[in-house]
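Enquirer: Residue numbers for the sequence shown follow the numbering used here, so the first one is 2 and each next one is one higher.
What follows is a single structure, and I will ask about it in a moment.
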Amino acid sequence: MTMKLFTRLCVTIFIATFFPILLLMMTVGGRMTYETSVILMLSMGFFLVLTMYSSIVRPLGELKKGIHKIKNGDLDFTLEVESDDEIGELTSDFEEMRIRLKESNEEKLNYDKELKDLISNIAHDLKTPITTIRGYTEGIMDGVASTPQMKEKYIRTIYNKSVEMTGLIEELSFYAKIGTNRIPYNFSRLNIKNYFDDCAEDIAIDMEGKGIRFEYRCELDPDIQVIGDQEQLHKVISNIIGNSVKYMINDPKIIEMKIRDIGDFIQCDITDNGRGVDKKDLSKIFERFYRTDSSRNSSQGGSGIGLSIVKKIIEDHGGQIWASCEEGQGLSVHFILRKYIEVNIDGKADSNN
């Protein structure tokens, strides 16, 4: 067992003090020659110096080198802990601090890269509608839209592009709230069947205007309830549907939404018939800024944070979300929400089903 530094210093001082006295007494008493005494004295001094150097001076020197490396921004080194005394504990704490600083630095670099990607994506996606709005506005000003029908078409296009820009800005604003955990939730009890029925009605109208067939099926009892925020859950559905619309390549274009009862939870499955996602990418599509070029073509635009927002909202509702895909058969996004269960005074649960 290694001695603590204080104990080692005490032993060293004791030896350095009494060993010369012992040698002197033995030399004076004739038990040891003067030459032998000097040799033993020098040997003991060398041993004490070597001990102090190896246990204190050298470890402190390594710590000093580590401090200079950190000061210069170098965190790619390792300090070996060689003892369990106070110097060893100091070295261990220093090494733990270095590891944490390195992890923090890597997180910051990753965050900066993600932020740069976000700004780049948003700038790219804003450029297209702005260019379109400018072009159609100039067309109206220059008299290109000479008939009421053409003017209406131009104005409608300008309006649609402005809505697209608003959506991008709102997405960016929402992402900022995620980063600071300031998402404004307004939880209440929702009759989930009625809620999904209303959402599906709005989606069907929107999809009809885009030439997409929307199929909806709800297998829930009408009295099932969940605790949720209507606005944020609507954002979840809109983002998933919008993600499907953005990357659809097949005709006819079809999106299916199915709601079902799975015991203590209700499950929503939203499936499109697009190209889908490679299985190796399924676990990554809910990460911030992740866009897989090979399957969900990034040339279609998008900030890359839509599905990460969806994941955050669902998890804040106490639910789970995941995706599945058969290659070439589209992408399915699934999420579950726990049913609201009312507990009676006698302690028995009423699950509202």
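Note that CB positions come from ideal geometry on N, CA and C, so glycine has one too.
Model, not experiment: these values are computed from the prediction.
1) Leaving out five residues before and five after residue 205 in sequence, what residues of the same chain have Cβ atoms less than 6 Å from its Cβ?
2) Between 50, 238 and 197, which has its C-alpha nearest residue 221's C-alpha?
3) Quick one: Cα of residue 98 to Cα of residue 55, how far?
4) Is residue 312 buried or exposed, if buried means 16 or more other CB atoms sit within 10 Å of its CB?
5) Measuring straight from C-alpha to C-alpha, what distance separates residue 95 and residue 37?
6) Is the separation between the beta-carbon of residue 269 and that of residue 260 shorter than 7 Å?
7) Please report the Cβ distance between residue 13 and residue 49, rounded to the nearest whole angstrom; I am assuming they are in contact, meaning their Cβ atoms lie under 8 Å.
8) Return the CA-CA distance between residue 164 and residue 279, expressed in angstroms with no decimal places.
9) Applying the criterion that 16 or more other CB atoms from any shown protein chain within 10 Å of the CB defines a buried residue, is residue 112 buried or exposed?
10) At the level of alpha carbons, what is the spacing between residue 334 and residue 241?
11) Using 10 angstroms around the beta-carbon of residue 150, count the other beta-carbons present and answer buried if the total reaches 16, otherwise exposed.
12) Taking the beta carbon of residue 300 as the centre, do at least 16 other beta carbons fall within 10 Å, making it buried, or is it exposed?
13) Among 130, 281 and 15, which residue has its Cα nearest to the Cα of residue 160?
14) With residue 191 as the anchor, note down where its beta strand (DSSP E) starts and where it stops.
15) Could you tell me the alpha carbon to alpha carbon distance between residue 230 and residue 65, rounded to whole angstroms?
16) Output the distance between the C-alpha atoms of residue 136 and residue 191, rounded to the nearest integer angstrom.
17) Could you name the residues of the same chain whose beta carbon sits closer than 8 Å to that of residue 80, not counting the 5 residues immediately before and after it, in chain order?
18) Can you give me the Cβ contacts of residue 308 inside the same chain, cut-off strictly under 7 Å, excluding the 5 residues immediately before and after it?
19) Determine the burial state of residue 15: buried for a count of at least 16 other Cβ atoms within 10 Å of its Cβ, exposed for fewer.
20) Give the DSSP-derived three-state secondary structure of residue 147 in the structure shown.
21) Quick check on DSSP: helix, strand or coil for residue 215?
22) Nearest to residue 195 by alpha carbon, out of 187, 224 and 172?
23) Is it buried or exposed, residue 39, if we count other Cβ atoms within 10 angstroms and call 16 or more buried?
24) On the three-state DSSP scale, how would you describe residue 139?
25) Measuring only the C-alpha atoms, how far is residue 187 from residue 232?
26) In whole angstroms, what separates the C-alpha of residue 103 from that of residue 76?
27) State the DSSP-derived secondary structure class of residue 258, mapped to helix, strand or coil.
28) State the beta-bridge partners of residue 340 as determined by DSSP.
29) Return the chain-ordered ranges of every alpha helix (DSSP H) run that is complete within the region 54 to 134 and spans a minimum of 4 residues.
Expert: Working from what's here:
1) Numbered from 1 along the sequence shown, position 204 holds the residue referred to as residue 205. 215.
2) As a working note, residue 221 is residue 220 in the sequence shown. The shortest Cα separation from residue 221 among 50, 238 and 197 belongs to 197.
3) Locating residue 98 in the sequence shown gives position 97, where the first residue counts as 1. Locating residue 55 in the sequence shown gives position 54, where the first residue counts as 1. C-alpha separation (whole angstroms): 23 Å.
4) Walking along the sequence shown from the start, residue 312 turns up at place 311. Classification for residue 312: buried.
5) On the sequence shown, position 94 is the one that residue 95 refers to. On the sequence shown, position 36 is the one that residue 37 refers to. If I take the Cα positions, the gap works out to 45 Å.
6) Numbered from its first residue, the sequence shown carries residue 269 at position 268. Numbered from its first residue, the sequence shown carries residue 260 at position 259. Yes, the Cβ-Cβ distance between residue 269 and residue 260 is below 7 Å.
7) As a first step, residue 13 must be located in the sequence shown, where it is residue number 12. As a first step, residue 49 must be located in the sequence shown, where it is residue number 48. Sure, about 6 Å apart at Cβ, within 8 Å.
8) Within the sequence shown, numbered from 1, the residue matching residue 164 stands at position 163. Within the sequence shown, numbered from 1, the residue matching residue 279 stands at position 278. Rounded to whole angstroms, residue 164 to residue 279 spans 31 Å at the Cα level.
9) Here residue 112 is taken as the residue at index 111 of the sequence shown, counted from 1. Classification for residue 112: exposed.
10) What you label residue 334 is simply residue 333 of the sequence shown in a count that begins at 1. What you label residue 241 is simply residue 240 of the sequence shown in a count that begins at 1. For residue 334 and residue 241, the distance between alpha carbons rounds to 7 Å.
11) Walking along the sequence shown from the start, residue 150 turns up at place 149. Counting Cβ neighbours within 10 Å, residue 150 comes out exposed, since fewer than 16 surround it.
12) In the sequence shown, the residue the question calls residue 300 occupies position 299. Low confidence applies here, because residue 300 scores a pLDDT of 43, under 50, leaving its location unreliable; read the following figure in that light. So residue 300 ends up on the exposed side.
13) Walking along the sequence shown from the start, residue 160 turns up at place 159. Comparing Cα positions, the closest option is 130.
14) In the sequence shown, counting from the first residue as 1, residue 191 sits at position 190. Where residue 191 is concerned, the enclosing beta strand (DSSP E) stretches over 189 to 192.
15) In the sequence shown, the residue the question calls residue 230 occupies position 229. In the sequence shown, the residue the question calls residue 65 occupies position 64. When rounded, the distance between both Cα atoms is 55 Å.
16) For the purposes of this step, residue 136 is taken as the residue at position 135 of the sequence shown. For the purposes of this step, residue 191 is taken as the residue at position 190 of the sequence shown. One C-alpha to the other measures close to 45 Å.
17) As a first step, residue 80 must be located in the sequence shown, where it is residue number 79. Excluding residues within five positions, the ones whose Cβ falls inside 8 Å are 63, 64, 67, 92, 95, 96 and 99.
18) In the sequence shown, counting from the first residue as 1, residue 308 sits at position 307. Cβ neighbours of residue 308 within its own chain (closer than 7 Å, five residues either side excluded): 240, 244, 286 and 287.
19) On the sequence shown, position 14 is the one that residue 15 refers to. Classification for residue 15: exposed.
20) In the sequence shown, residue 147 corresponds to position 146, counting from 1. Secondary structure at residue 147: coil, using DSSP grouped into helix, strand and coil.
21) Locating residue 215 in the sequence shown gives position 214, counting from the first residue. The answer is strand: DSSP assigns residue 215 an E or B state.
22) In the sequence shown, counting from the first residue as 1, residue 195 sits at position 194. Of the listed residues, the one whose Cα sits closest to residue 195 is 224.
23) Counted from its first residue, the sequence shown places residue 39 at position 38. With fewer than 16 other Cβ atoms within 10 Å, it is exposed.
24) Within the sequence shown, numbered from 1, the residue matching residue 139 stands at position 138. Residue 139: helix per DSSP, three-state reduction.
25) By one-based count along the sequence shown, residue 187 stands at place 186. By one-based count along the sequence shown, residue 232 stands at place 231. Answer to the nearest angstrom: the Cα atoms are 8 Å apart.
26) Walking along the sequence shown from the start, residue 103 turns up at place 102. Walking along the sequence shown from the start, residue 76 turns up at place 75. Roughly 6 Å between the two C-alpha positions.
27) Looking up residue 258 in the sequence shown gives position 257. Here residue 258 sits in strand by DSSP.
28) Position 339 of the sequence shown, counted from the first residue, corresponds to residue 340. Per DSSP, 227.
29) 59 to 72
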